[in-house]
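Undergrad: Input: one structure, supplied below.
There are 6 protein chains.
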Amino acid sequence: MVYITRREHFSAAHRLFLPHYEEDQNVDVFGKCSNPNWHGHNYILYVTIKGEPDPETGLVIHLRKVSQLIRKQVLEKVDHKNLNLEVDFLQGKVPTSENIAIGIWDALEQGIKALGASLHSIRLEQSENNIIEYFGN
Amino acid sequence: MVYITRREHFSAAHRLFLPHYEEDQNVDVFGKCSNPNWHGHNYILYVTIKGEPDPETGLVIHLRKVSQLIRKQVLEKVDHKNLNLEVDFLQGKVPTSENIAIGIWDALEQGIKALGASLHSIRLEQSENNIIEYFGN
Amino acid sequence: MVYITRREHFSAAHRLFLPHYEEDQNVDVFGKCSNPNWHGHNYILYVTIKGEPDPETGLVIHLRKVSQLIRKQVLEKVDHKNLNLEVDFLQGKVPTSENIAIGIWDALEQGIKALGASLHSIRLEQSENNIIEYFGN
Amino acid sequence: MVYITRREHFSAAHRLFLPHYEEDQNVDVFGKCSNPNWHGHNYILYVTIKGEPDPETGLVIHLRKVSQLIRKQVLEKVDHKNLNLEVDFLQGKVPTSENIAIGIWDALEQGIKALGASLHSIRLEQSENNIIEYFGN
Amino acid sequence: MVYITRREHFSAAHRLFLPHYEEDQNVDVFGKCSNPNWHGHNYILYVTIKGEPDPETGLVIHLRKVSQLIRKQVLEKVDHKNLNLEVDFLQGKVPTSENIAIGIWDALEQGIKALGASLHSIRLEQSENNIIEYFGN
Amino acid sequence: MVYITRREHFSAAHRLFLPHYEEDQNVDVFGKCSNPNWHGHNYILYVTIKGEPDPETGLVIHLRKVSQLIRKQVLEKVDHKNLNLEVDFLQGKVPTSENIAIGIWDALEQGIKALGASLHSIRLEQSENNIIEYFGN
């Protein structure tokens with residue numbers, strides 16, 4: 012089994028809050044990220060796939076097709092977008108890095124399988140100091 | 012003369028557009044950055060100061076005071092904020108990296124002088140692929 | 012289960028040696044790191060925690076409390092310190108990266124549990140070329 | 012158990028193709044990497060070893076001996092070389108990152124064991140966007 | 012005046028040698044880079060442009076047009092190519108980083124001027140340890 | 012004129028203080044860096060040289076000789092050393108980054124000239140957030 016990782020990035024706005032919380036409750040739980048006027052990040056995304064290399068080509072997967080899949084299923088939906096307002100796989104969720112990573116996993120899992128490999132992990136760096144990893148459930 | 016650089020970072024939302032442009036004109040000039048629902052970035056800021064090292068201490072400037080100045084004059088105003096709506100030194104300007112860098116220069120120049128050195132440059136990385144530098148006018 | 016990593020850094024002096032070794036034995040085992048006059052490093056520390064995101068907030072853990080815990084239990088003890096002389100959790104041990112990582116694990120494990128999650132790993136980069144990871148025992 | 016990683020790098024030329032494929036078939040499968048005139052990369056290599064730290068020295072393994080092993084078994088064979096033509100452990104294989112990583116694993120596994128530890132993983136970054144990991148079979 | 016930098020990258024093969032040198036002379040002057048079987052690198056390219064920001068838009072230059080120019084004039088010619096055999100602006104030159112940087116300058120200078128700004132510098136990183144900068148003559 | 016930069020690194024211990032200052036005066040001026048028990052850093056050093064590329068070889072300077080010069084004149088003196096106690100070119104100076112950069116300039120300037128080029132700048136990164144540059148006087 013070999014693990015292959017594709018690194019991508021996107022920039023987006025978001026706001027962390029719960030509508031039924033008071034403002035000071037939102038500040039307490041979500042800190043500066045609860046600013047009602049939005050803020051944003053450059054997210055770095057690592058999609059890791061596992062599979063057996065083809066004995067002839069030495070490739071686990073057709074990497075250009077993976078890139079196309081990530082572009083269509085994830086990047087076109089989140090890059091230069093508002094994660095609270097515009098992303099189908101985040102509807103009804105607080106766009107924390109945890110929820111974004113889980114949403115990206117769900118958006119990619121079937122497509123990777125259709126390409127003949129398995130999704131292994133989603134790693135999302137919201138900043139160089141805060142990193143999330145999700146391995147499915 | 013020795014040049015000393017302090018690296019800082021902040022995360023913010025913005026939107027690039029001119030209100031008197033049609034939407035397709037904004038898209039033509041500003042691309043994806045014109046999204047009306049905002050997007051955002053992790054900005055990396057390098058503040059470079061020049062001066063003569065003190066012959067006794069070997070220091071160009073009291074670095075803790077520089078950090079406090081940058082925090083008060085810049086970071087508290089822009090970090091986790093909306094650059095179009097909430098930043099005094101960007102009022103009435105399109106928050107391009109060019110204008111943000113010039114605004115940060117203006118916000119720091121006097122304070123650095125008051126600490127006994129000169130501001131040399133503001134470098135602003137909006138992403139790892141797009142970098143702005145400003146050396147004053 | 013979602014894994015969340017917080018990146019921190021500290022700078023410290025140390026010396027690798029065993030007092031009952033001859034000097035050339037220390038040089039053979041510890042190389043340049045055995046210099047009796049000390050040397051030092053910028054350490055980069057990654058603390059990885061695992062847990063279930065709260066179904067309402069989408070957060071695994073209250074990240075500000077994690078930062079405070081790391082600050083109090085680790086950074087205030089090691090940053091700008093001498094790892095051989097000044098750190099309680101390294102008393103009686105050679106301050107190799109291995110032992111520092113294990114010491115940091117022991118210093119954080121209970122506090123993370125008290126915050127409702129589990130410590131997953133400690134990753135310590137002594138330089139960009141030398142990295143240690145510890146997952147508990 | 013503690014995991015220790017050594018980061019190394021090498022630069023090499025290669026070409027991805029199968030001699031019994033038509034040219035357009037090679038382009039379809041291997042993309043720009045099938046250029047008959049070669050191209051090349053700076054590869055970053057992470058060798059991760061696991062073992063128990065010696066209770067006295069606090070070291071998992073004698074790191075200088077690991078470096079010598081990697082140099083002799085890997086770097087001298089691949090650095091500034093042509094991966095299709097000049098590397099013994101890649102003879103008869105398409106030099107994809109997958110096959111290079113597996114070849115490096117095979118070239119190091121016994122030697123690490125002889126030093127009293129176990130090889131855990133080979134991580135190979137062909138670029139900052141494409142990463143391979145192999146954990147043996 | 013504001014300076015704006017666009018970061019790009021390409022991967023290529025090359026060989027440093029002079030045909031009228033003996034092999035040991037080539038090794039003496041060019042070291043491992045003289046390997047007759049080629050080797051290669053991931054090059055990181057920084058193109059820095061200077062100009063006055065437009066008072067209305069706050070932009071120095073239309074960045075998408077810069078990207079297209081760099082792609083057409085440079086990246087399509089060098090990416091996944093052999094720098095000795097396939098690049099028009101390197102014909103008859105040893106493809107050292109110095110000569111590549113000068114060649115890229117010459118390939119871009121007029122096009123940047125046509126976009127209303129001035130080329131300021133070409134920075135080329137052949138590896139993280141070897142960097143070339145050229146500011147024109 | 013072409014500028015060529017060589018990146019190197021070293022790890023060292025130091026302490027910033029003036030012997031005729033009271034302890035609280037040292038803390039006020041030098042902060043945590045005044046710890047009497049030492050601390051240390053991984054320093055990243057960029058040596059930038061300028062010159063005309065040789066019209067035949069395309070090289071500004073014989074880079075292996077530059078590396079040897081830096082190794083002998085700088086790295087062997089500072090790597091895994093105590094900058095207050097063991098470095099000839101820092102005797103009698105507080106080992107601030109400013110003074111280290113000036114000292115490295117003085118240690119290299121003549122040797123670079125003897126190799127047929129000119130030293131342009133010394134850049135010293137004490138951490139990713141604190142950078143010094145010196146261009147001679």
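Residue numbers (my numbering), protein chains in the order written: chain E, 12 to 148; chain H, 12 to 148; chain G, 12 to 148; chain Y, 12 to 148; chain S, 12 to 148; chain D, 12 to 148. Cβ coordinates follow ideal geometry from the N, Cα and C atoms, glycine included.
#1: At which residue ranges does the region 29–79 of chain S contain complete beta strand (DSSP E) runs of 3 or more residues, listed in the order of the chain?
#2: What residue from 25(E), 45(E), 24(E), 22(E) has the CA that sits closest to residue 33(E)'s CA?
#3: What are the boundary residues of the beta strand (DSSP E) that includes residue 141(D)?
#4: I'd like to know whether the C-beta of residue 43(D) is nearer than 7 Å to at least one C-beta of chain G.
#5: Rounded to whole angstroms, what is the Cα-Cα separation between residue 132(H) and residue 67(Y)?
#6: Find the nearest neighbour of residue 96(D) within the set 42(D), 23(D), 123(D), 17(D), judged by alpha-carbon distance.
#7: Is the beta carbon of residue 51(D) sitting closer than 7 Å to the one on residue 52(G)?
#8: In chain order, what residues of the same chain lie with their CB nearer than 7 Å to the CB of residue 75(Y), ignoring the 5 residues before and after it?
#9: Under a CB-based cut-off of 7 Å, is residue 145(H) close to chain S?
#10: Leaving out five residues on either side along the sequence, give the residues of the same chain with a beta carbon under 6 Å from the beta carbon of residue 115(S).
#11: Alpha carbon to alpha carbon, how far is residue 130(H) from residue 87(H)? Give it in angstroms, no decimals.
#12: To the nearest angstrom, how far is it from the Cα of residue 118(H) to the Cα of residue 13(S)?
#13: Report the residues of the region 71–102 of chain Y with a CB closer than 8 Å to any CB of chain S, ordered along the chain.
#14: Going by C-alpha to C-alpha distance, which of 59(E), 41(E), 89(E) sits closest to residue 140(Y)?
#15: Quick one: residues in its chain with C-beta nearer than 7 Å to the C-beta of residue 92(S), no 5 flanking neighbours on either side, listed in chain order?
#16: Per DSSP, which one or two residues make a beta bridge with residue 92(Y)?
#17: Among 55(E), 125(E), 107(E), which one has its Cα closest to the Cα of residue 136(E)?
#18: Which residues in the same chain as residue 100(D) place their Cβ atom closer than 8 Å to its Cβ, once the five residues preceding and following it in sequence are excluded?
#19: Which residue comes first and which comes last in the beta strand (DSSP E) that contains residue 137(Y)?
#20: Find the nearest neighbour of residue 104(Y) within the set 143(Y), 27(Y), 90(Y), 17(Y), judged by alpha-carbon distance.
#21: Taking Cβ-Cβ distances shorter than 8 Å, what residues in chain G pair up with residue 109(E)?
#22: Report back the beta-carbon spacing between residue 70(Y) and residue 122(Y) to the nearest angstrom; my notes put them in contact at under 8 Å.
#23: Classify residue 148(H): buried if its beta carbon has 16 or more other beta carbons within 10 angstroms, exposed otherwise.
#24: Along chain H, in chain order, which residues have C-beta atoms closer than 8 Å to that of residue 46(E)?
#25: Run through DSSP, which three-state label would residue 98(H) get?
#26: Quick one: residues in its chain with C-beta nearer than 6 Å to the C-beta of residue 21(S), no 5 flanking neighbours on either side, listed in chain order?
#27: Return helix, strand or coil for residue 85(S), following the three-state DSSP convention.
#28: Do we get a CB-CB distance below 7 Å when we pair residue 141(S) with the residues of chain Y?
#29: What does DSSP give as the partner residues of residue 16(D) in its beta bridges?
#30: Mind reading off the beta-carbon distance from residue 125(E) to residue 72(E)? Whole number of angstroms is fine, and I expect it under 8 Å.
#31: Let's see if you can read the secondary structure: which residues bound the alpha helix (DSSP H) around residue 124(D)?
#32: Any Cβ of chain H within less than 7 Å of the Cβ of residue 37(E)?
#33: With burial defined as no fewer than 16 other Cβ atoms inside 10 Å of the residue's Cβ, what is the status of residue 176(E): buried or exposed?
#34: For residue 107(E), collect the residues of the same chain with a Cβ closer than 8 Å to its Cβ; drop the 5 residues on either side in sequence, then sort them by chain order.
#35: Are any of the Cβ atoms in chain H nearer than 7 Å to that of residue 105(D)?
TA: Walking through what the data contain:
#1: 50–62, all fully within the region 29–79 of chain S.
#2: By 1-based counting over the first sequence, the position of residue 33(E) is 22. The shortest C-alpha separation from residue 33(E) is found at 45(E).
#3: Looking up residue 141(D) in the sixth sequence gives position 130. 141–145 is the extent of the beta strand (DSSP E) around residue 141(D).
#4: Counting from 1 along the sixth sequence, the entry for residue 43(D) is found at position 32. Answer yes: the Cβ-Cβ gap between residue 43(D) and chain G drops below 7 Å somewhere.
#5: Along the second sequence, read from residue 1 onward, the residue named residue 132(H) stands at position 121. Along the fourth sequence, read from residue 1 onward, the residue named residue 67(Y) stands at position 56. If I take the Cα positions, the gap works out to 51 Å.
#6: By one-based count along the sixth sequence, residue 96(D) stands at place 85. Nearest of 42(D), 23(D), 123(D), 17(D) to residue 96(D), Cα basis: 23(D).
#7: In the sixth sequence, the residue the question calls residue 51(D) occupies position 40. In the third sequence, the residue the question calls residue 52(G) occupies position 41. Cβ distance < 7 Å, so residue 51(D) and residue 52(G) count as in contact.
#8: Looking up residue 75(Y) in the fourth sequence gives position 64. No residues qualify anywhere along the chain.
#9: For the purposes of this step, residue 145(H) is identified with residue 134 of the second sequence, where counting begins at 1. Taking Cβ atoms only, chain S reaches closer than 7 Å to residue 145(H), which makes this a yes.
#10: The sequence position of residue 115(S) within the fifth sequence is 104, counting from 1. Contacts found: 85, 133.
#11: Counting from 1 along the second sequence, the entry for residue 87(H) is found at position 76. Counting from 1 along the second sequence, the entry for residue 130(H) is found at position 119. Going by the C-alpha atoms only, they are around 20 Å apart.
#12: Against the second sequence, residue 118(H) aligns to sequence position 107. Against the fifth sequence, residue 13(S) aligns to sequence position 2. About 17 Å.
#13: Here the close residues are 90, 91, 92, 93, 96, 97.
#14: Translated into the one-based positions of the fourth sequence, residue 140(Y) becomes position 129. When only C-alpha atoms are compared, the closest one is 59(E).
#15: For the purposes of this step, residue 92(S) is taken as residue 81 along the fifth sequence, with counting starting at 1. So the list reads 23, 98, once near-sequence residues are dropped.
#16: On the fourth sequence, position 81 is the one that residue 92(Y) refers to. Paired residue(s): 23(Y).
#17: Taking the first residue of the first sequence as position 1, residue 136(E) is located at position 125. For the residues 55(E), 125(E), 107(E), the minimum Cα distance to residue 136(E) belongs to 55(E).
#18: Locating residue 100(D) in the sixth sequence gives position 89, counting from the first residue. Listed in chain order, the non-local C-beta contacts of residue 100(D) below 8 Å within the same chain comprise 88, 114, 115, 117, 118, local neighbours out to five positions each way being set aside.
#19: As a position in the fourth sequence, residue 137(Y) is number 126, starting the count at 1. First-last of the beta strand (DSSP E) with residue 137(Y): 129–138.
#20: Counting from 1 along the fourth sequence, the entry for residue 104(Y) is found at position 93. Distances from the CA of residue 104(Y) to each of 143(Y), 27(Y), 90(Y), 17(Y) were compared; the closest alpha carbon is that of 27(Y).
#21: If you number the first sequence from 1, residue 109(E) lands on position 98. Listed along the chain, the chain G residues whose CB falls inside 8 Å of the CB of residue 109(E) are 13, 15, 64, 69, 70, 71.
#22: Counting from 1 along the fourth sequence, the entry for residue 70(Y) is found at position 59. Counting from 1 along the fourth sequence, the entry for residue 122(Y) is found at position 111. In fact, because the Cβ distance is near 17 Å, the residues do not count as touching under 8 Å.
#23: Taking the second sequence and counting its residues from 1, the one referred to as residue 148(H) is at position 137. Classification for residue 148(H): exposed.
#24: Numbered from its first residue, the first sequence carries residue 46(E) at position 35. Neighbourhood of residue 46(E) in chain H, by CB distance below 8 Å: 91, 92, 93, in chain order.
#25: One-based indexing of the second sequence puts residue 98(H) at position 87. The answer is coil: DSSP assigns residue 98(H) none of H, G, I, E or B.
#26: Sequence index remark: in the fifth sequence, residue 21(S) carries index 10 (1-based). For residue 21(S), where only same-chain residues beyond five positions count, the Cβ hits under 6 Å are 54, 86, 89, 90.
#27: Locating residue 85(S) in the fifth sequence gives position 74, where the first residue counts as 1. Helix at residue 85(S).
#28: Translated into positions along the fifth sequence, residue 141(S) becomes position 130. No, no contact with chain Y.
#29: The residue you call residue 16(D) lines up with position 5 of the sixth sequence. According to DSSP, residue 16(D) bridges with 142(S), 59(D).
#30: Here the question's residue 125(E) lines up with position 114 in the first sequence. Here the question's residue 72(E) lines up with position 61 in the first sequence. The pair is not a contact, with the Cβ atoms about 11 Å apart (cut-off 8 Å).
#31: On the sixth sequence, residue 124(D) is found 113 positions in, with the first residue counted as 1. From DSSP, the alpha helix (DSSP H) with residue 124(D) extends over 108–125.
#32: In the first sequence, the residue the question calls residue 37(E) occupies position 26. Answer no: the Cβ-Cβ gap between residue 37(E) and chain H never drops below 7 Å.
#33: With chain E represented from 12 up to 148, any question about residue 176(E) goes unanswered, as that position is not in the structure.
#34: Counting from one through the first sequence, the residue named residue 107(E) turns up at place 96. Once the five neighbours on either side are set aside, the close Cβ partners of residue 107(E) are 27.
#35: In the sixth sequence, residue 105(D) corresponds to position 94, counting from 1. Yes, contact with chain H.
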